[in-house]
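Take a look at the structure set out below.
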Amino acid sequence: MRALVAWSDKVPERDGVKSCIYDIAFSPDGKQLVAACGSRVLMYDCIDGDLLHSLKGHKKTLYCVAYAKDGKRFASGGEDKTIIIWTNKAEGILKYSHNDAIQCLSYNPVTQQLASGTASDFGLWSPEQKSVAKHKVSSRICCMSWTVDGTVLTLGMFDGSISIRDKAGKEKTSIERKAAIWSLAWNPSRDESPNLLAVGCWDQTLSFYDVTGAQHGKDRALGHDPACISYFANGEYLCVGGSDRKATLWTKEGVRLTTIAERDDWVWCCVPRPNANHVAIGCNDGTISLYQLKFLTVHGLYRERYAYREYMTDVVVQNMVTESKVRIKCRSYVRKIAIYKERLAVQLPDRLLIYELSADEAGGEIAYRPVERLQLDVDCNLLVVTSQHFLLCVEKKLQLYSLTNVREREWVLEDVIRYIKPVGGPPGREGLVAGCADGTVVQIFIDNPFPVPLIKHTAPIRCLDLSMHRDKLAIVDDHAALVVYDLLTGATLAEEQNAEAVVWNTEVPDMLCFSGHGTLSIKTGSFPVHQQRMQGVVVGFKGSRIYGLNYVALQAIDVPQSATLYRYIEKRDFAGAYMVACLGVTDADWKQLAQESLKALALDVSRKAYVRLRDTRYLDLITRLEAERRQPGHDDQVLIATVLAYQGKLQEAARLFCKANRVERAIDMYSDLRKWEEARQYAHSASPEAAQELVKRQARWAEETNDTSVAYQTYIAAGEIIKAIHILGGKGWYDQLADVSKTLDPKTQAAELRACLAYLSKAAKEAPPPPPPPAISLGGALKVGGFMSKLKKAAGIQQPAAVGHAKDIFLKLGDVEGLLTLQVDHCQWDEALKLIEQHPKLAPKVYLPYAQWLIGADRFEEAQEAFKQAGEGPKSLEMLRTLIHNAVLEHRYQDAGHYLWVLATETLAAAPERPGPEVLREFDRCRRMSEQYYAYNSIHKYTDEPFTALTPDTVFNISRTLLAQLLREPAPFGVSKAYCLFALAKQSKALGANRLARFALEKLNTFKVPPAWFEPVDLFALSIRARPPNDADELQPSCFRCQTINPLLNQNGDKCTACGHPCIRSFVNFELLPLVRFTPSRDMTQMEALTLLRREPPPRKLSRPRGPDNPWGNDGPDVQTLSLAGDAQAAEAAGVVDIDDPFTKAMLEFEPTGRFTPTIASREMMLQMSAADVFVLQWPTSARPLEFFRNMLPDVPVVCCHECNHFFHEEDWELAVMKNGKCPFCRAKADASDNGSAVTYPVAARNAPIMGNEPRFQAPSPIS
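For the sequence shown, counting from 1, position 522 maps to 522 in this note's numbering; every step adds exactly one.
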C-alpha cells in the first residue's frame, strides 16, 4: 500500500488562539470536510482542498465537530461551553450550552440525535425537542460513539471507565480500564456480527468490546497514547493516530498493517473519507492533510492457480478452472505473494511463510499446509518461489534462497529488474525470464550462475511472457507498446500499441492476448487483432477463457474464437482451425469447419469435427470415403462429388460425377433424394436397364411414403404386378384392384388373380353382416310350392363391392366351389341357391350354413327346413328340443306346444316309409304333450295375469281336459297341476259345479302352492263348504256315442266312462264336439270305403211317424222335449240320434267296460251315411290308417285342420283365421273362404279325388 498526499493546509494562529486541529468530520457524501481549528470551524472542499468557509461563532478553542448522517447539518463545540448547529451551507441555525467545556460530539446515525459530552454531564438533543436532556457523569467525558443502528451510545471517560447506554441515556453496563479512554468507535458495518467497539486507551493499548461489555481478543500494544480511532466506511480497516506523530492503518481484528503518514507533531485526529480511500489527518501544529491510499494488488499466478491478497492480511488461492477457493489467514500485513506449482510463498513484515498444496484433496477443494516459517525482514521488489527455492529481487540483484533460508546464489544485472516470469523446469533447475529497466530480457536458470541474454528492447520492460513452445517472447514496455520476438532468429514478429499486460495462450502456441485502456485484444499468428471491452489487466489465458484482474477481483471472460477459426479455414489450415475450435466455438462453427475440411478431403479433421457434433450420418460418409480412398484407382473428383451431394449441392455433384464418367452415381444420388425427374434426365443418357431400375426405385419409394396411387401405377409400369396387387390390397383400394384383375390373363397370370382374390375375400369378410331376410312361415312356404321358391325370394341381399369383384375373379378362374364358398360366407343366399341348382352336389354347403344363420336370426321354422334340405335331420330335431325347453322356461307354453307338434311331424318324417311302433309311440307322445302345453298356456295366463279374455266356460273346459289327462300321470316339464286345480276350482264355483270345486280344493291341498295363494285358497274353501255339494245338471256332459251321462271330471282320462270313446273337443274353447269315430269293416278296402262315402245315400223312412197321434212326432216352436241321457228313444225323439239308422244301432251296441272300440261300419252303413257328416283324417305316414269320424249333430258345424287333424267349431275357426290367418294350434296358414286352404271340411265339401297309392290324402275333401 502507498499513501499519497492529495492536499495539505497549514492553518496559522488567528485571534491569538493557537491553530491546533483537534477534530475533523466529513459530510456523508465525502464532498466537504469540517475541522475544529482554534476558535473557528473550517470548511474545505475535499477534492482540491480549497477552503470554502471559516465560520465564526465560538469565542474560545474548539474541541470537536460532528456531521449528521443525513448531510443537512453539522455541529461544533469547545471551550466556550457552547454548541452551535450549522447547515451544510455554513449557516448557523441553533445554539445551546453546557456548564462545562464541550469535549466531544456524536450524531445518532439513525435518529439524527446529537450527543454532547462535557466534564460533568452529557446531553441529548434532537431537532424534534425544544430542550436538551442532560445526564450527570462521574468523570470527564473524553469521547463518545453510537452503534450503527443508533440504539447504543458509548462514553469514554478520563478515569478509564467506558459507559454503555441506551439512546435515552440510561446506562446498561460499564467497562473499567486502567487509564483514560481518549478515543473509541463502533464498527459502522451492518454485516458484522457481533458489532465491536474499538477502544484506544492511554495505557497504550487497542482493545475490542461488544455491547454486553465482553472483550474480544487481547489488548493490542500500540506503543503510544492513542488520540483518535476511526473506522473506514466498510468496517474492514481503522486508522489510529496519537502521540507517536503517526497515522497507522489497522485491520478490524487489530492487526497493524502500515503507516499512512508521519507528521511533525501529535496527530489529534485521523478520519477516513466516506466512499473513497482517503484519510484526513489533523495535527497539533495546525496542519490538515488529506492522504490518498493506494492499495496495490499483491498477487501471483501460475497456470490455473491464482493467489491474491485480501483485507491486507489474508491470502486467497483460487483455481480459475474449477473456481474453488481457499483462504489463508496470516494475521499480519501481507507484503508479497508468489506461487509455483504446489508451492505458495507469502512475505510478511518480519517473516516468510512457505505453503504446500495438500496431497489429500477431496472433492476438488484446494487445501494448503504450511511447511516452512522463515525469519526474513527484507523490503524486496519481487518475490519468486520454485519447487526447492525462493528468490528475492532487490533492485538489480536477484538472490536465490533455499527453503531453509540459506542464500545459495546471487545475480546482479545491469539495471533494475522490472518483471520476472517463471517458465518452469525440473525441480531445482527451473528457469526464469527477467525484464529490466534498460530493456534487457535475460533467461536465468537457478542452477546456472550466468544469465542468458534473450532480447535487447529499446524501452523499459513492464511485462513479458513466453509462448507455449518457448520460441516466442511477448514484451510490453513503459510506452504501452507490445512487441513479439522470435527467440530463434531475434526477428520482430508483431507490434501493437496501447498494451499494459500480455499473456500467451497455454494451449495454442500462436495465440496471445493483451489489455490496455479498457480494451482486451487477442492476436493469433499473423491474423488481425480481435478486440473487445474489458476493465482491468489480463493475467491468464487458457483455451478460450481469459482471466482479467480488476483491482482485486478476478474475472473469467469467455472469448469467441469464431473469427480466428474462419481465418484458419480461409488459409486452408484445417489442423490449426481444429486446434482453435477445440478452445470453444459454437456448433455452427464446428459444422462449418467439418464441411470445409470434408470438401477439401481433410478427412481426419472432418471426422473429429463431426464426432464433436455427434453427426453419425457424416461419420458414416467419412468412413465410406476413407475406404474408397484406399482402393486403387480412386478418383478424388468422385469423392468430392459425394461430399457435395451430402451437403445438398446436387447440381455440382452431378456435374462432377458425369465429369468422372460415373453417371450411375448421379442417378443413385437423385434416386436417393427422390428427385425422379432429374434422375430420369441422367438415366436416358445411360442404358435401358438403368431406366427400368429407376422406375422400380420410384415405385419402392412411393410405397415407402404411402403414395399408393403412384406406387401401384409405377409397379405396373415396371412389370411387377404382384407388388402392385399387394399395395392395393393393403390399402383397401378394391376398385383399383378389380381394375387390375380385369387386365390379367387367367391362363398365364393365375397367381396374380389369386392374390387379388385373397385381398378381396379378406375385405368381404370384414364387411358388416347383411340384414336378415323377412320371416317365412314354414307351413306357408310348403303350401305355395315348397321351401325353395320362398327361400330364393327371401335371400336377396345387397352385396359389398369387394364381394362382387371377388365373384368376377372366381368366374374368371372357373372356381365354382370357391365362388359358392364366397357367397355362403357373405350370406348371398339367392345367388348361392341359383348356383346349387346347376351343381346339386354342392347343396349341403349352402343349406347347413343358411340354417345356422337363420337360427341366429330367431327364424327357427326356416332353419328347420334348411336342416332338412341339408340332410341334417338330427340337428333339426335337436334344435326343436332346445326351443321347446327354452319356451317352457320362459313360460311360452303355446310356443312349446307348437314346437312339440313340429317335433312330432319331424319324428315321423325322419322315420322310414313304414315306421315302427316306437316311432309311432313317440309321435303320439309329442302330439299329446303339444296339446297339453297348448291348453296349459291358457291356464297359466289365467292364473298369473291380472286380466284374461277367456270365458269361464273355456277355462272350465280346459282345466277339466288337462286334469283328466294329468291326475293319474306325471305332468310335462313346466306344467303345474296346482295351477289347473286352482283354475278348475274357481270356475267350478262360478258355474255352479260345487262338488267339483270341493274335489279340486281337496286335491289342491296335496300340492305345494305359492304363498300368495294361502289366504285366497282358505277363503275359497270356506265359501265352497257353504254351498250344497252338487253340480249343476246343465254342466253334465253326455257321450255322443253311447248317450251316457259322464261326470264333469274323469280321472281315468278324457273319455266316456261307459264306452271309453275319447272326447273330441274344439281346440279353441275345448267344448265337446258331436263326433263319433268309426272304422270300415275289415273286408273293405280304403278306396272302397271312400267311394261308398262319396255316393248319395238313399232316402230313409222313419220308423216312427210324426203327427198328432204320436206325441213323439210333434215338433214345433211351442213344443219342449226333455232328453234323458242313456235313453236312446228319447235321444231319437229329440233329434239327437236316429235309432233306425244302422250305424246308430251298431254304435249303441257295446259292452260298458270303459274300453273304447270303434264302431265297425258295414257297406250298408256307409251307404246310409251323408258325406257332409263324415270326416276322414289322414296322417303323414302309411303306417297309421285313415281315421273316420261322423258328426252326430249335423246342425253343429265342425271344421278340421288338415295339418294337425284337430277339430274346431266353425265359428271359433273363422274368428281365429280372420284374426291371425293361421290355425290356432299348428299355425298353418289358412283361409276359411279358400278351398285351397289348410282346412279339412266334411267329405262332401270337396271334389278332390283320393288315390289309393297316395301316401296321404290331400286336405280331406267331401265326397261328391
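Each residue gets a CB set at the ideal place from its N, CA and C atoms; glycine is no exception. Note that the structure is a prediction, hence the values are computed from the model and not measured.
Residue i and residue j closer than 9 Å at C-beta
i: N1069; j: N957; result: yes
i: P427; j: T386; result: yes
i: Y340; j: Y355; result: no
i: Y231; j: A276; result: no
i: L482; j: V502; result: yes
i: I162; j: R177; result: yes
i: L920; j: L903; result: no
i: R303; j: T506; result: yes
i: I455; j: G424; result: no
i: T1265; j: Y96; result: Outside the modelled stretch of the chain, which goes from 1 to 1264, sits residue 1265, for which no answer is possible.
i: V1076; j: M1166; result: no
i: I569; j: E596; result: yes
i: I260; j: S8; result: no
i: I328; j: L344; result: yes
i: L601; j: L565; result: no
i: K167; j: T151; result: yes
i: C393; j: G435; result: no
Residue i burial status per 10 Å Cβ neighbour count (16 or more: buried)
i: A6; result: buried
i: Y67; result: buried
i: T453; result: Per the sequence presented here, residue 453 reads as Pro, with Thr not at that position. Exposed, by the Cβ-count rule.
i: H634; result: exposed
i: A794; result: The predicted position of A794 is uncertain, since its pLDDT is 42 and thus under 50; no value can be drawn from it.
i: L621; result: buried
i: E862; result: buried
i: I93; result: exposed
i: E1254; result: Low confidence applies to E1254: its pLDDT is 34, below 50, so where it sits in the model is not reliable, and the reading given next is rough at best. With fewer than 16 other Cβ atoms within 10 Å, it is exposed.
i: A990; result: exposed
i: P1224; result: buried
i: H1298; result: It is not possible to answer for residue 1298, since the shown part of the chain is limited to 1 through 1264.
i: P451; result: buried
i: P1275; result: In the structure as shown, the chain begins at 1 and stops at 1264. Residue 1275 is therefore absent and cannot be evaluated.
i: V1217; result: buried
i: Q965; result: buried
i: A781; result: Caution applies to A781, whose pLDDT of 34 falls short of 50 and renders its modelled position unreliable; the model cannot decide the point.
i: A214; result: exposed
Residues near residue i by beta carbon distance below 7 Å, same chain, minus five either side
i: G1236; result: The predicted position of G1236 is uncertain, since its pLDDT is 33 and thus under 50; a value taken from the coordinates is nonetheless stated next. Cβ neighbours of G1236 beyond the five flanking positions: none.
i: E395; result: N381, V416
i: Y979; result: I939, H940, T943
i: T87; result: K72, R73, I93
i: I102; result: Y63, C64, G77, G78, K81, I83, S116, T118
i: R655; result: none
i: K56; result: R40
Other residues of its chain near residue i: CB distance less than 6 Å, five sequence neighbours each side excluded
i: Y22; result: A36, Y63, W268
i: G818; result: F810
i: A997; result: A985, S988, K989, I1024
i: L644; result: E652, A653
i: A459; result: G439, D477, D478, H479
Contacting residues, own chain, Cβ-Cβ under 8 Å from residue i (five flanking each side not counted)
i: Q531; result: T519, L520, S521, I522
i: M468; result: W504, N505, T506, E507, V508, P509
i: V580; result: V508, M511, T524, Q561, T564, L565, Y568
i: Y209; result: I162, I175, L196, L197, V199, Q215, H216
| Entirely enclosed beta strand (DSSP E) segments - the stretch 430-472, minimum 3 residues | 431-436, 440-445, 452-456, 461-466
| In chain order, which continuous runs of the beta strand (DSSP E) of length 3 or greater are located wholly inside the stretch 328-359? | 336-340, 343-347, 351-357
| task | For the stretch 1023-1107, list the alpha helix (DSSP H) runs that are entirely contained and at least 4 residues long, ordered along the chain. | result | 1086-1094
| At a cut of 8 Å, does the stretch 25-42 reach the stretch 310-330 through at least three beta carbon pairs? | no
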